[in-house]
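Chains as they are written, first to last, in the numbering used here: chain A, 2 to 116; chain B, 4 to 202.
Where is the CB? At the ideal position from N, CA and C, for every residue including glycine.
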Ligand SMILES: [Zn+2]
C-alpha cells in the first residue's frame, strides 16, 4: 500500500524551530512502539490535519504531535522514547575563547557549525 | 428511511449567520487525516458499543444495514476553519444503536480503525444529533472520507466525527481522545468557537 498523503520529516524543521533553539532536522528519535531509531527527517508527517502528526516510518505509530494555536503550542513526544540531538563537542563551542581549540575538523554533516 | 432535518437547518439560516465565527465556506470536501487510510473489508467490519460495566453490543456490516436508516442533511464545520453546508448522508442514528443499552455513563470515547480516538458527552450522541454514516451524497462513503463508516456529529467540530469508526466506549469519567490530549477542546462547539483547551 502506498500512501502519498504525508510529507517527510524535513518539514518539521520550521515548526519546531519556533519552540527549540537546537536544530532538530539532524536529530534522530526512537519509536516507543517498535524501537526503530530513525532520523526525524525520515518520519512521515501528516499535515492535512488539525495539527502535525509525525509517524514512525517502520510501524506508522505516532512519535510526535505538534498543535499550534494562535497564542500557544502543544508538543506531544510520548511516542518517542528519546530524541538524539547532535551537539558541538564540549569545550569546542564556538563561544570558547577564539583560537584555543580548533573548531569543525571532526564535525559530521554539512550543517553543523554554520549556525 | 427518510428522517431529514432541513427545516432545522433552514430556521438556523434565516434566524442567524450560516457560518460559525472564524469559519469560511468551501464547496469542495477537504480530506483531513492524521495517519494512513485504513482499508477495512466489509466482511471484517464491526461496530462495538461497550458500556462502563463491560457489556458489549456488536453489529456486523449486514446487521448495520438492516437497522432503520436515516438521511440527514447537515452543515459541517472543521476546526481548520472550513465549513460545508447542506451535506447529505445516510446512516444509522446513535439513538437506534443506544436503544436498550443500559448505562449510567455520561461520556463516550469513540474508537476508529487505525487507532484514532475522540471524546464527547454521551448526551451529544442522543436526540437525533449523531449517526454512524456509511453513504455520502448518494454513494458509499469513500475511504479517504472515513468509509466504510464514520461517526457524524455535525453540531460539534468535525474532528469529533471520527472517520473509520469502529466502536464507542461509554465511560463514567471523561477521557480525552487523540486531538483532545494535544491541546484541542474537550467539547468543541463551533458556535462558541471552542477550538483549543480553555477556549
Ligand atoms: Zn515504530
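Nothing from the segment 17 to 29 of chain A brings a Cβ to less than 9 Å from some Cβ of chain B. Residue 56 of chain B and residue 34 of chain B have their C-alpha atoms some 36 Å from each other.
Annotation for residue 19 of chain A indicates a beta carbon at 7 Å or more from all heavy atoms of ligand 1. Put simply, the CB of residue 14 of chain A is far from chain B, with every gap to its CB atoms at 8 Å or more. Shortest Cα-Cα distance from residue 151 of chain B to any of B/186, B/49, B/59 involves B/49. In the structure shown, residue 161 of chain B adopts helical secondary structure according to DSSP, grouped into three states. Note: residue 53 of chain B is bridge-paired with B/59, B/172 in the DSSP secondary-structure output. Residue 136 of chain B counts as buried, since no fewer than 16 other beta carbons sit within 10 angstroms of its beta carbon. Under the Cβ criterion of 8 Å, residue 119 of chain B is not counted among the residues facing chain A.
Contact check for residue 57 of chain A against residue 26 of chain A fails: the beta carbons are separated by 8 Å or more.
Between residue 27 of chain B and chain A, the shortest Cβ-Cβ separation is not below 8 Å. Residue 37 of chain B has its Cβ no nearer than 7 Å to any heavy atom of ligand 1. Contact of residue 35 of chain B with chain A is assigned, a C-beta pair being separated by under 8 Å.
Spatial neighbours of residue 197 of chain B in its own chain (CB-CB distance under 7 Å, excluding positions within 5 residues in sequence) are listed in chain order as 188, 190, 191. In this structure, residue 59 of chain A has its CB closer than 7 Å to one or more heavy atoms of ligand 1. Taking 8 Å as the CB threshold, residue 34 of chain A stays off the interface with chain B. Residue contact with chain B for residue 10 of chain A: absent (no Cβ-Cβ distance below 8 Å to any residue of chain B).
Looking at the backbone, the Cα of residue 46 of chain A and that of residue 81 of chain A are separated by about 14 Å. If one requires a minimum length of 4 residues, no alpha helix (DSSP H) run lies completely within the segment 27 to 66 of chain A. According to DSSP, residue 143 of chain B shares a beta bridge with B/138. Residue state for residue 152 of chain B is assigned as coil, using DSSP reduced to three classes.
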